[in-house]
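Quick notes on the structure that follows.
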Amino acid sequence: MSPANSRLCIRNIGHLVTMDAVESIFKNAWIEIADGRITAIGCGEPPEPATTDCEIIDAHQGIVLPGLVNTHHHFYQNLARAYTPATNLALLPWLTCITPLFKNLMPEDLFIASKVAMAELMLTGCTTTADHHYLFPSARAGFIDAQFEAAKDMGMRFHAGRGSMDTASEIIPDWATESVDEIMNDCQRLRDRYHDPASGSMRQLFLAPSALTCASPTLFSETARMASTFDLGLHTHCGETLEEDQYALDHLGCRQLPFLADCGWETERVWLAHGIHFDDGEIAHLGKHKMGIAHCPCSNMRLGSGICRVNDLQNAGAKVGLGVDGSASNDSGHMLNEVRQALLLTRVKHGAGAMSVGEALQMATTEGAACLGRSDDLGSLEVGKCADVGIYPADDIFSSGAENPVEALILCFPRQVDTLIINGRIRVREGRIPGLDLDKLLASHRTAAKRIQT
Ligand SMILES: [Zn+2]
Numbered sequence: 023m024s025p026a027n028s029r030l031c032i033r034n035i036g037h038l039v040t041m042d043a044v045e046s047i048f049k050n051a052w053i054e055i056a057d058g059r060i061t062a063i064g065c066g067e068p069p070e071p072a073t074t075d076c077e078i079i080d081a082h083q084g085i086v087l088p089g090l091v092n093t094h095h096h097f098y099q100n101l102a103r104a105y106t107p108a109t110n111l112a113l114l115p116w117l118t119c120i121t122p123l124f125k126n127l128m129p130e131d132l133f134i135a136s137k138v139a140m141a142e143l144m145l146t147g148c149t150t151t152a153d154h155h156y157l158f159p160s161a162r163a164g165f166i167d168a169q170f171e172a173a174k175d176m177g178m179r180f181h182a183g184r185g186s187m188d189t190a191s192e193i194i195p196d197w198a199t200e201s202v203d204e205i206m207n208d209c210q211r212l213r214d215r216y217h218d219p220a221s222g223s224m225r226q227l228f229l230a231p232s233a234l235t236c237a238s239p240t241l242f243s244e245t246a247r248m249a250s251t252f253d254l255g256l257h258t259h260c261g262e263t264l265e266e267d268q269y270a271l272d273h274l275g276c277r278q279l280p281f282l283a284d285c286g287w288e289t290e291r292v293w294l295a296h297g298i299h300f301d302d303g304e305i306a307h308l309g310k311h312k313m314g315i316a317h318c319p320c321s322n323m324r325l326g327s328g329i330c331r332v333n334d335l336q337n338a339g340a341k342v343g344l345g346v347d348g349s350a351s352n353d354s355g356h357m358l359n360e361v362r363q364a365l366l367l368t369r370v371k372h373g374a375g376a377m378s379v380g381e382a383l384q385m386a387t388t389e390g391a392a393c394l395g396r397s398d399d400l401g402s403l404e405v406g407k408c409a410d411v412g413i414y415p416a417d418d419i420f421s422s423g424a425e426n427p428v429e430a431l432i433l434c435f436p437r438q439v440d441t442l443i444i445n446g447r448i449r450v451r452e453g454r455i456p457g458l459d460l461d462k463l464l465a466s467h468r469t470a471a472k473r474i475q476t
C-alpha cells in the first residue's frame with residue numbers, strides 16, 4: 023500500500039466525470055493528489071511531478087468517477103445472503119424469518135461480515151459507506167467497535183449507524199431489544215470514542231433507531247436530542263411498506279412523518295431508508311425540511327415493497343441518495359449496479375425520460391454525500407475535495423461497441439473498478455485489494471455464515 027503522505031498523479035484518463043456543479047466531463051484528463059486531497063485537475067499533457075515521491079497511475083483511457091457513497095446497508099446480513107426460506111417473502115415475514123438466525127451473533131462475526139461487505143463495495147467503486155447496525159443480541163457489547171476496527175483495516179470511509187430497538191413484537195424477539203438507557207449510554211460512548219466531525223473524516227457516528235415498529239417514541243425523542251446536541255446524523259427505516267403506515271395509525275394514531283416530527287426528526291440531519299409510501303403532502307414536507315431518502319432499488323424490488331417516487335422527492339427539494347441495503351434483501355453490495363437499477367426503476371415509475379445517466383450518478387455521489395452531511399468534502403472530483411476516486415475500464419467486453427463510455431458504464435453490465443483511491447491511498451489495484459487475504463477472509467465468512475444459518 024502507498025504511504026499515508028504519498029502523492030499520486032492519475033494520467034491518461036479517457037473520461038473524467040467530475041460531478042461538479044455543472045457536471046463537467048473532461049477527456050484525456052489527469053488528476054494530482056497530495057495528502058488525501060485533490061490538488062489539481064487538467065486535460066492534455068500532465069505537468070511533471072514536482073517531487074520524486076509521486077506515484078504515477080496510468081488509467082489506460084478508463085473512466086474516472088468520484089468514489090460512490092452508500093447511504094444504507096446492514097453488513098451483518100451478508101451472513102444470510104439469499105437465505106432460501108426467505109427468498110420469496112415480503113418485508114415483515116422476511117424479517118420474522120431471518121431475525122432468529124442472529125440470536126448468537128458475536129462482534130467477531132460482525133467484524134468479518136463488515137470486512138466482506140466493505141471489500142465488495144470497494145471493488146464496485148464505493149469509497150464511503152454507511153451501515154445501519156441495529157441488532158445487539160442480549161445487549162452484547164462491542165459490535166460497532168468491531169465495525170470501526172474493520173473499516174480501519176480496510177481503509178474505507180465509514181459512517182457507523184448505532185441502530186437500536188427497544189420494543190419487542192411478534193417480529194422482534196425480546197433478546198433483540200435493549201433499554202433506552204443502555205442504548206443512549208452506548209451512543210454517548212461511541213460518539214466520545216470514535217466520532218470525528220472534521221473535514222476529511224474517515225469515521226463518523228450517526229444515530230439510528232431501526233423503525234417505529236420496534237422503537238418507542240421515547241427512544242426516537244432521546245435519539246433526536248442527542249443528535250442535536252452533538253451534531254450527528256439521524257437515520258431510520260420509513261415508508262418501506264404499507265403495513266408500517268397501518269402500524270403507525272393503529273399504535274400511534276397518526277402516519278409516520280407526523281410521528282417523527284413530534285419526536286424532533288424534522289431536520290436536515292435526517293435521512294430515511296426507502297421512503298416509498300409517502301403521499302404528495304408528505305413529499306412536500308420532506309422537501310421543505312431538506313430531509314434525505316436512501317433509495318434502495320434492488321432491495322425494494324427483491325421484497326416487492328414498491329417504487330420510490332424519486333423524481334417527485336427531488337422536485338420537492340428532498341435529497342435522494344442510494345443504498346444497497348442489507349445483503350439478505352438485495353442480495354448484493356454492488357454499488358454501481360445500484361446506480362443502474364435506480365435509473366431503470368425510476369424510468370418504470372416516471373417514464374423513459376425521467377432519469378439520465380448523470381442524474382443517476384448524482385444520487386450515488388453528490389446527493390449521497392449530502393445525505394451524510396458530507397457535501398463540503400465528498401461526492402465530486404474538484405480541487406480541495408477528498409481524493410476518493412474510482413477508475414473503471416472502458417474497453418472490456420461489456421461495453422464493446424458503445425460510442426459513449428460514460429453512459430455505457432451505467433447502462434451496460436455493471437463492472438468493477440481497476441483502481442480505487444480512498445483518502446489519497448490506493449485501496450484497489452488492478453482489481454484486487456492490496457494487503458487483504460481475500461481467500462482467508464471468505465473462508466472465515468463462510469464458517470460464520472454456516473454457524474448462523476444452522
Ligand atoms: Zn434497511
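Numbering of the sequence shown is given in this note's numbering, commencing with residue 23 and proceeding in unit increments. In this text, a Cβ means the ideal position worked out from N, Cα and C, and glycines have one as well. Being a predicted model, the structure only gives us computed values, none of them experimental.
Query	Result
Under the assumption that S322 contacts G328 (Cβ atoms under 8 Å), give the Cβ distance between them as a whole number of angstroms.	For the sequence presented, residue 322 should be read as Asn rather than Ser. 6 Å between Cβ atoms; contact.
Give the list of continuous beta strand (DSSP E) stretches no shorter than 3 residues that lie fully inside the stretch 255–312.	255–260 and 292–296
Should the stretch 228–239 be called in touch with the stretch 275–291, which here means at least 3 C-beta pairs below 8 Å?	yes
Could you check whether H317 and V332 sit closer than 8 Å to each other, using their CB atoms as the reference points?	yes
Going by other Cβ atoms of all chains shown within 10 Å of its Cβ, with 16 needed for buried, is G375 buried or exposed?	exposed
For a test of your reading of the model: does the CB of D347 fall under 7 Å from any non-hydrogen atom of ligand 1? Yes or no.	yes
Hey, is M323's beta-carbon within less than 8 Å of any beta-carbon in chain D?	Reference to chain D is not applicable here, since this structure consists of a single protein chain.
So, helix, strand or coil for R331, using DSSP?	coil
On the criterion of 16 or more Cβ atoms from any shown chain inside 10 Å, does A26 qualify as buried, or is it exposed?	Here the model assigns A26 a pLDDT of 48, short of 50, so the residue's position is not dependable, and the following value carries that caveat. When all chains shown are included, A26 counts as exposed.
Quick check: the Cα distance between A102 and S349, rounded to an integer number of angstroms?	8 Å
Find the nearest neighbour of F170 within the set R162, F158 and A152, judged by alpha-carbon distance.	A152
Does the distance between the C-beta of H96 and the nearest non-hydrogen atom of ligand 1 fall short of 7 Å?	yes
Is Q438 helix, strand or coil when you go by DSSP?	coil
Going by beta-carbon coordinates alone, are L365 and I298 separated by less than 8 Å?	no
Are there 16 or more other CB atoms within 10 angstroms of the CB of G36, so buried, or fewer, so exposed?	buried
In this structure, does DSSP put K125 in helix, strand or coil?	coil
Measuring CB atoms only, is the stretch 411–431 touching the stretch 337–346, in the sense that at least three cross pairs come out at less than 8 Å?	no
Return the first residue and the last residue of the alpha helix (DSSP H) that F242 is part of.	P239 to F252
Can you tell me whether F97 is buried or exposed, with buried defined as 16 or more other CB within 10 angstroms of its CB?	buried
Using the three-state DSSP reduction, which class does R396 fall into: helix, strand or coil?	coil
Does DSSP put H467 in a helix, in a strand, or in coil?	helix
Which of the three DSSP states, helix, strand or coil, is assigned to D417?	coil
In the DSSP assignment, what are the bridge partners of Q83?	DSSP lists no partner for Q83.
So for S347, helix, strand or coil by DSSP?	For the record, residue 347 in the displayed sequence is Asp; it is not Ser. Here D347 sits in coil by DSSP.
Going by Cα to Cα distance, which pick from L282, V411 and A104 is closest to I79?	V411
Return the Cβ separation of S402 and T40 in integer angstroms, given the expectation that the two are a contact with Cβ distance under 8 Å.	6 Å
Out of A51, M248 and C434, state which residue places its alpha-carbon closest to the alpha-carbon of Q363.	C434
By the 10 Å Cβ neighbour count, where 16 or more other Cβ atoms means buried, how is K19 classified, buried or exposed?	With the chain running from 23 to 476 in the structure shown, residue 19 is simply not present.
Taking its Cβ as the centre, do 16 or more other Cβ atoms sit within 10 Å of K407, making it buried, or is it exposed?	buried
Give every residue of the same chain whose Cβ lies closer than 6 Å to the Cβ of R213, excluding the five residues on either side of it in the sequence, and list them in chain order.	L227 and F252
Starting from C408, follow the beta strand (DSSP E) in both directions and report where the run begins and ends.	Neither: C408 is in no beta strand (DSSP E) and is coded neither H nor E.
Helix, strand or coil, according to DSSP, for A163 in the structure here?	coil
Which of the three DSSP states is assigned to S372 in this structure?	For clarity, residue 372 is His in the given sequence; the question names Ser instead. In the structure shown, H372 sits in a helix (DSSP, three-state: H, G or I).
At what residues does the alpha helix (DSSP H) containing N322 begin and finish?	P319 to R324
Between the stretch 53–67 and the stretch 139–150, are three or more C-beta pairs nearer than 8 Å?	no
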